[in-house]
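Quick note: the sequence shown uses full-length UniProt numbering, first residue 1, plus one each step.
For glycine and all other residues, C-beta sits at the position ideal for the given N, C-alpha and C.
Comments concern the structure below.
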Amino acid sequence: MNIYEKAEIILEALSEYINVDDEAFHDIYIKAIVNGLVEIRQKEKQ
């Protein structure tokens with residue numbers, strides 16, 4: 001499973017709490033989640 005697939009799963013879970021149906025924001029949400037996952041991975045490696 002790549003990082004974008006993980007981001008899609010997280011976004012699906014977030015849909016219970018925020019409106020993620022707007023396609024205009026879909027890519028923004030995915031990029032933000034991916035950036036967060038990358039940052040977490042980098043901090044774990046330290």
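{"Asked": "Cβ distance (whole Å) where residue 7 is taken to contact residue 33 below 8 Å", "Found": "4 Å"}
{"Asked": "Residues near residue 40 in its chain [Cβ-Cβ closer than 7 Å; skip 5 each side]", "Found": "none"}
{"Asked": "Enclosing alpha helix (DSSP H) for residue 42 [first to last residue]", "Found": "23–45"}
{"Asked": "Contact under 8 Å by Cβ, residue 14 with residue 30", "Found": "no"}
{"Asked": "Helix, strand or coil at residue 8 [DSSP, three-state]", "Found": "helix"}
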